[in-house]
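Contents: one structure, followed by commentary.
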Amino acid sequence: MGILSDGIEWLTDPANWEGTNGIPARLLEHLQISIVSMAIALAIALPMALVLGHLHKGEFFVNAAVNIGRAIPSFGIVIFAGLLFLEWGISLKFWPVVAALVLLAIPPIFTNTYTAITTVDPELVEAARGVGMPERRVLLSLELPVSAPVTLAGIKIATVQVVSTATIGAILSSGGGFGRYIVDGFGQGPPGHAKVLGGAVLLAGLVLVIESIFALAERRLLPEGIRRLGRATDVVDAIGHG
Amino acid sequence: MIVAQASTDRAFFQWDWVLAHWSELGEQTVEHLFLTGTSVAIGLVISAALAAIALRWSSTFGPIIGVGGVLYSVPSLALFALLVPFTGLTSRTTAIIPLVTYTILILVRNMVAGIRSVPAEVVEAAQGMGLRRRQVFMKVEVPLALPTFFAGLRITTVTIVGLVTVTALLGFGGLGQFILNGFRKSIVFPTEIIVGMVASVLLAMVLDFALLQAQRVTTPWLRRPRS
Amino acid sequence: MRNIFRSRVIGATFVVLALVATACGSGDDVADGSTITVGSFNFPESQILAEIYAQTLEANDYPIEKKLNLGSRELIFPSLKSGEIDLLPEYLGSSLGVGFGIDSASDADSVATALSDAFAAEGVTVLQYAPGEDKNVFVVTQEFAAANNLVTISDLAGVADLTLGGPPECENRDTCYGGLTGTYGLSQLKFESIQEGAARIAALENGEIDVGLLFSTQPVIVEKGFVALEDDKVLIRAENIVPVLNLSIADEYGSDLTKLIDSVTAKITTDVLLELNGKVENEGLDPDAVAKDWLTSNGFL
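Protein chains in written order, with our numbering: chain A, 9 to 250; chain B, 14 to 240; chain C, 74 to 374.
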């Protein structure tokens with residue numbers, strides 16, 4: 009079977025690197041969808057988790073987020089978002105996919121951050137309060153840095169999930185980043201297999217790059233002591249998938 | 014500008030449709046369970062073998078997890094498409110093989126992590142009591158690793174329930190058929206999409222709960238005594 | 074030791090169960106002869122037609138298995154040729170053009186003859202075609218047609234910056250995007266891949282695409298007031314519904330089977346297609362229920 013060599017040929021064909029359906033354009037599209045989704049998810053999930061975690065309230069939210077968030081099929085949520093946007097008369101090209109991805113990204117960010125904040129050593133927190141730290145500083149200068157590794161792990165899981173699930177967005181409408189190659193190649197039968205393989209390799213490569221960036225960020229941003237703290241409590245894990 | 018005035022003259026959600034489709038829902042739930050169960054069962058067997066290798070020769074753990082991670086990051090639809098020429102379009106094998114590959118990463122990692130988390134003192138104590146290596150493994154290490162193992166199994170099962178819906182694009186899909194068929198009409202049919210999704214979420218939650226109960230039963234020592 | 078043995082037995086049982094389950098799939102009704110696997114493409118009309126044939130065969134005690142909603146022709150054809158799928162409701166022109174890349178005169182009889190020849194080499198027999206046909210049509214909104222004076226596909230030549238929306242397989246087909254840029258010479262035409270009909274209709278209405286590929290038997294075209302551009306260079310040939318059947322199945326069951334199928338096919342007119350599609354696509358009814366109703370009212374069940 010020449011699928012492998014066909015895939016390599018597809019990836020190295022200059023024609024596939026130009027135009028609106030070219031690899032750079034699709035990469036940009038994929039990144040736009042992923043970055044906008046992550047930005048919105050972070051803006052929602054992080055403050056909520058920080059505040060609720062600091063107050064040690066909202067255990068119910070955490071459980072609900074973990075259980076329901078994990079159980080929602082990404083395929084279903086993408087199509088459901090498509091349905092809603094059809095009803096509202098908004099283009100299916102970008103926002104329904106983002107809406108679905110935001111919903112999928114919130115649970116891992118929220119749960120990891122919340123768990124990390126609530127498991128910060130209470131003696132540390134008490135000590136901080138004892139020396140007269142205001143609550144805001146207890147949260148931002150103590151709880152947040154100490155829980156950073158687990159929070160970062162949650163963000164990484166969410167990002168990887170968002171980037172791989174963005175692929176499914178290509179079944180909704182046009183656009184869809186690298187998913188376009190996979191959905192189109194699939195519909196085009198055997199001649200499309202090179203495109204499918206090429207798209208899958210590109211996506212796997214993108215995920216690998218993102219994981220490396222996170223690994224680098226962890227090493228650069230977090231002091232060794234804090235990193236070790238993180239590993240011990242790193243319990244929440246990857247969910248869902250495209 | 015209003016684009017698609019889909020379903021202007023009908024309710025967004027029709028209960029009577031649900032009531033008229035109990036038997037189809039039942040059939041697709043069974044199909045969904047079958048695809049999930051088969052994939053997870055095969056995944057468990059393969060993962061157990063890989064975990065055994067990783068525990069015996071610890072240098073293999075990295076590569077095994079690496080390959081598992083790569084498989085995990087390949088989109089399911091791509092794997093389905095590339096398998097069709099080998100396993101056929103209408104055979105469930107085409108749906109099951111990709112699903113199995115997604116179970117391996119988390120299952121192997123949690124099996125190995127579970128065994129490795131057993132404190133060395135506990136193992137030494139067991140050896141001191143005269144248990145042989147195998148007995149230590151089966152009677153001490155495996156039971157103590159069960160909570161971590163079950164955590165991985167729960168995540169995996171729930172993930173696979175979700176991924177089975179994608180196989181609707183190949184004509185399988187279990188409950189995913191409702192999701193796809195509802196969208197696959199020139200005027201989309203919301204009820205069908207919502208029913209497919211809610212049923213899939215419920216199925217995942219039920220299986221998750223069942224596995225949690227299984228874990229509780231198999232690890233009685235973890236149940237907190239009532240105060 | 075016993076524990077290890079037991080866990081191995083359990084493990085092995087799992088594997089065997091899984092393999093057996095995968096191998097069996099659904100039960101084969103071997104006692105009555107080979108199971109006839111009925112397939113369909115991934116759009117509602119194809120599902121309705123496959124249901125019509127499958128239910129007719131089932132009512133006449135033929136062992137059947139339904140494998141519906143599989144995918145595009147490009148995806149299904151290898152399985153049809155290999156005998157994985159035995160019966161498929163096809164469309165004359167598309168089957169010949171897309172399935173085999175063969176050109177022919179555009180009338181139904183010429184296409185049917187050419188298609189029979191092409192399929193014969195693959196071990197598939199082409200049964201009688203139906204009076205009803207469903208053509209690919211290129212539609213624009215009323216406003217767009219009026220603004221650009223569009224009646225025929227050729228008229229599109231005068232419009233700069235055009236985008237066609239169609240399913241993924243349209244991109245490479247000579248009867249679709251390939252034909253519009255080739256036969257019609259619309260070199261300014263761009264292609265946007267939009268898999269599902271509803272999404273294409275939405276994209277057409279909000280101006281993301283200018284031309285959309287739809288089926289002539291979709292009632293939505295009339296309801297939305299879309300203008301179907303006239304195919305003045307005859308890109309699309311006769312597209313009558315035509316069931317194709319695996320040759321070994323046809324031989325095994327003989328003319329009883331083919332006559333039965335032909336009798337159903339004869340009743341499938343374009344109006345029937347429009348009516349049945351409306352029930353599924355607009356009213357949300359199930360293809361199997363719609364097929365059953367139609368078969369019952371026509372005396373086949």
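Cβ coordinates follow ideal geometry from the N, Cα and C atoms, glycine included.
Interface flag, residue i vs chain C, CB-CB below 7 Å
i, result
"B:L90", "no"
"B:S36", "no"
"B:T107", "no"
"B:R145", "no"
"A:S82", "no"
"B:R197", "yes"
"A:Q196", "yes"
"A:I31", "no"
Same chain, Cβ closer than 7 Å to residue i, neighbours up to 5 away in sequence not counted
i, result
"C:N222", "D228"
"A:S182", "K101"
"C:D102", "Only weak support exists for where C:D102 lies, its pLDDT of 43 falling under 50; the value from the coordinates is given anyway. Counting only Cβ-Cβ distances below 7 Å, and skipping sequence neighbours, we find T108 and P136."
"A:G206", "G15, W18, L19 and Y189"
"B:L68", "V125 and I128"
"C:G172", "R146 and F150"
"A:P153", "I234"
"A:V146", "V133, A136 and R137"
Any non-hydrogen atom of the ligand PLP closer than 6 Å to residue i Cβ
i, result
"A:F222", "Because no ligand of any kind appears in the structure shown, any question about the ligand PLP cannot be addressed here."
Contact check, residue i vs residue j, beta carbons under 7 Å
i, j, result
"C:P316", "C:I294", "no"
"A:A53", "A:I125", "no"
"B:A73", "B:L120", "The amino acid at residue 73 of chain B is misidentified as Ala; the sequence shows Thr. Taking 7 Å as the Cβ cut-off, B:T73 and B:L120 do not qualify as a contacting pair."
"A:A72", "A:A89", "no"
"A:A156", "A:L224", "no"
"C:P241", "A:G177", "no"
"C:T186", "C:A323", "no"
"C:D283", "C:L235", "yes"
"B:G184", "C:E157", "no"
Min CB distance residue i to chain B below 7 Å
i, result
"C:L142", "Per the sequence presented here, residue 142 of chain C reads as Asn, with Leu not at that position. It does: the Cβ of C:N142 has a partner Cβ on chain B nearer than 7 Å."
"C:G357", "yes"
"A:L91", "yes"
Beta-carbon proximity list for residue i, same chain, < 6 Å, skipping 5 on both sides
i, result
"B:V174", "T49, L216 and A217"
"C:A94", "Here the model assigns C:A94 a pLDDT of 46, short of 50, so the residue's position is not dependable, and the following value carries that caveat. Here the set comprises nothing."
"A:I179", "V191"
Cβ shell of residue i (< 8 Å), same chain only, five flanking positions each side left out
i, result
"C:T225", "L302, E303, D304 and D305"
"C:A191", "L169, G172, F173 and I175"
"C:G100", "Low confidence applies to C:G100: its pLDDT is 41, below 50, so where it sits in the model is not reliable, and the reading given next is rough at best. Closer than 8 Å at Cβ, skipping near neighbours: no residue."
"B:Q241", "Outside the displayed range of chain B (14 to 240) lies residue 241 of chain B, so it cannot be described from this structure."
"B:S130", "L157, A158 and T161"
Residue i versus residue j: straight-line alpha-carbon distance, rounded
i, j, result
"C:S145", "A:G61", "50 Å"
"C:G239", "C:L287", "8 Å"
"B:V113", "B:A223", "21 Å"
"C:G231", "C:L262", "11 Å"
"B:F25", "B:Q228", "40 Å"
"C:Q128", "C:K365", "7 Å"
"A:I98", "A:R34", "22 Å"
"A:L112", "A:G77", "7 Å"
"B:Q140", "B:L63", "25 Å"
"A:I41", "A:H64", "33 Å"
"C:A112", "B:T103", "In the sequence as displayed, the identity of residue 112 of chain C is Gly instead of Ala. Their Cα atoms are separated by approximately 9 Å."
Residue i at chain A interface by Cβ criterion, 7 Å
i, result
"B:M124", "no"
"B:T178", "yes"
"B:P76", "no"
"B:S71", "no"
"B:G175", "yes"
Segment limits, beta strand (DSSP E) that includes residue i
i, result
"C:T236", "L235 to G239"
"C:G144", "I137 to G144"
"C:E265", "L262 to S266"
"C:S113", "I109 to F114"
"C:L287", "V284 to F288"
Opening and closing residue of the alpha helix (DSSP H) in which residue i lies
i, result
"C:Y202", "Where C:Y202 is concerned, there is no enclosing alpha helix (DSSP H), given that its DSSP letter is neither H nor E."
"A:P55", "I31 to L63"
"A:G195", "G187 to G195"
"A:R94", "Note that residue 94 of chain A corresponds to Leu in the displayed sequence, not to Arg. Where A:L94 is concerned, the enclosing alpha helix (DSSP H) stretches over S82 to W96."
"A:E26", "Here A:E26 belongs to no alpha helix (DSSP H), and DSSP marks it neither H nor E."
"B:G127", "R105 to R129"
Cross-chain neighbours of residue i in chain D, by beta carbon under 7 Å
i, result
"C:S152", "Checking the listed chains, one finds no chain D in this structure; the protein chains it contains are A, B and C."
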